[in-house]
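Visitor: Taken in order, these protein sequences are the chains called A and B. The first sequence lines up with residues -13 to 96 when you count with the working numbering. The second sequence lines up with residues 163 to 275 when you count with the working numbering. Glycine is no exception: its CB is placed at the ideal position from the N, C-alpha and C atoms. Sharing a structure below in structure tokens format, with a few things to ask.
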Amino acid sequence: GEDVEQSLFLSVREGDSSVINCTYTDSSSTYLYWYKQEPGAGLQLLTYIFSNMDMKQDQRLTVLLNKKDKHLSLRIADTQTGDSAIYFCAEGSNTGKLIFGQGTTLQVKP
Amino acid sequence: DAGVTQSPTHLIKTRGQQVTLRCSPKSGHDTVSWYQQALGQGPQFIFQYYEEEERQRGNFPDRFSGHQFPNYSSELNVNALLLGDSALYLCASSFRQGVQPQHFGDGTRLSIL
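Listed below in structure tokens is the structure:
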């Protein structure tokens, strides 16, 4: 079946790196996504990676994909207080349906 | 470049009533998907509309129905509302179903009393 799992909470100090982890089950996934949700808002697309890639870097964000273990991670360098939010991992097929994890709440302490 | 827009932002209904939520996709997108996000949970896929037809459906009852118009905008209709339908309803748009990543609107917060 389709399932995406994430740890529920992560706390870091401002300026440190944050690493949010995710595991998924559907080996036919075409894309893997990271979305950010701030209180009372919708989902903001942060970054995504094709399933045939191992790594993608976009400014402070680095995505690592281990296809063998079906493990995805998001690293945020130099974490700021404005990065405090809920981060969702999602897997998607080329038909567009997304399966989301439960979300990881990132708390950034000054 | 307008992003995904949803209306209304908030809605309060009572059990048994019917509701219609609206979504306009991002410019250049032709596919609309709807998701339900209960408090503290990740979004759950309801259905997807492409070329004015329902293409995929998640595990939601027939009380949930939708429509896509020729201008690619979409409506989500929910009949016979239950308390458990209280949630944030998110619309996402993309191009040709899943060829490009989905972009989300800010959602409609539906409260059932």
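With contact counted as at least three CB pairs below 8 Å, one residue from each stretch, are the stretch 203 to 217 of chain B and the stretch 227 to 234 of chain B in contact?
Guide: Yes: at least three Cβ pairs fall under 8 Å.
Visitor: Does DSSP classify A:Asp69 as helix, strand or coil?
Guide: Three-state DSSP puts A:Asp69 in a helix.
Visitor: Any beta carbon from chain A within less than 8 Å of B:His265's own beta carbon?
Guide: Yes, B:His265 counts as interfacial toward chain A.
Visitor: Hey, could you find the ends of the beta strand (DSSP E) A:Thr11 is sitting in?
Guide: No beta strand (DSSP E) contains A:Thr11, which DSSP labels as neither H nor E.
Visitor: I believe A:Leu29 touches A:Phe(-5) by the beta-carbon criterion, under 8 Å. Please report the beta-carbon distance rounded to the nearest angstrom.
Guide: In fact, because the Cβ distance is near 19 Å, the residues do not count as touching under 8 Å.
Visitor: Please compile the residues from chain B whose C-beta is within a distance smaller than 7 Å of the C-beta of A:Ala27.
Guide: Residues of chain B passing the Cβ test: Asp268.
Visitor: Could you name the residues of the same chain whose beta carbon sits closer than 6 Å to that of B:Lys188, not counting the 5 residues immediately before and after it, in chain order?
Guide: Gly165, Val166, Ser255 and His265, listed in sequence order.
Visitor: Closer than 8 Å, CB to CB, is A:Leu92 near chain B or not?
Guide: With 8 Å as the cut-off, A:Leu92 does not count as an interface residue toward chain B.
Visitor: If you pair each beta-carbon of the stretch 193 to 209 of chain B with each one of the stretch 55 to 71 of chain A, do three or more pairs fall below 8 Å?
Guide: Segments in contact, no.
Visitor: Please report how far the alpha carbon of A:Tyr17 lies from the alpha carbon of B:Ile274, in whole angstroms.
Guide: Going by the C-alpha atoms only, they are around 35 Å apart.
Visitor: Give the range of the beta strand (DSSP E) segment to which A:Thr91 is assigned.
Guide: Unbroken beta strand (DSSP E) run through A:Thr91: Thr90 to Lys95.
Visitor: Counting contacts by CB-CB distance shorter than 8 Å, is B:Ser169 in contact with chain A?
Guide: With 8 Å as the cut-off, B:Ser169 does not count as an interface residue toward chain A.
Visitor: Against chain B, with Cβ distances strictly below 8 Å, would A:Phe36 count as a contact?
Guide: For A:Phe36, the answer is no, since every Cβ of chain B falls outside 8 Å of its Cβ.
Visitor: Could you name the residues of chain A that B:Gln203 contacts, counting a contact when the two beta carbons are closer than 9 Å?
Guide: Chain A residues near B:Gln203: Phe86, Gln88 and Gly89.
Visitor: Below 9 Å between beta carbons is the criterion; list the residues of the stretch 183 to 204 of chain B that meet it against any residue of chain A, in chain order.
Guide: So the close ones are Thr193, Ser195, Tyr197, Gln199, Gly202, Gln203 and Gly204.
Visitor: Tell me whether A:Gln30 counts as near the ligand NAD, meaning its Cβ is closer than 7 Å to at least one heavy atom of that ligand.
Guide: With respect to small molecules bound, the structure shown includes none, and the ligand NAD cannot be examined in it.
Visitor: Taking CB distances under 8 Å as the criterion, tell me whether B:Gln179 reaches chain A.
Guide: No, its Cβ sits nowhere closer than 8 Å to a Cβ of chain A.
Visitor: Per DSSP, B:Arg184 forms a beta bridge with which residues?
Guide: Paired residue(s): B:Ser169 and B:Glu237.
Visitor: Pull up the CB-CB distance for A:Met39 and A:Leu51, whole angstroms please, since I reckon it's below 8 Å.
Guide: At roughly 6 Å, the Cβ-Cβ gap stays under 8 Å, so A:Met39 and A:Leu51 are in contact.
Visitor: Return the residue from the list B:Ser248, B:Gly246, B:Pro223 and B:Gly202 that minimises the CA-CA distance to A:Asp91.
Guide: The residue you asked about is not Asp; residue 91 of chain A is Thr in the sequence shown. Nearest C-alpha to A:Thr91: B:Gly202.
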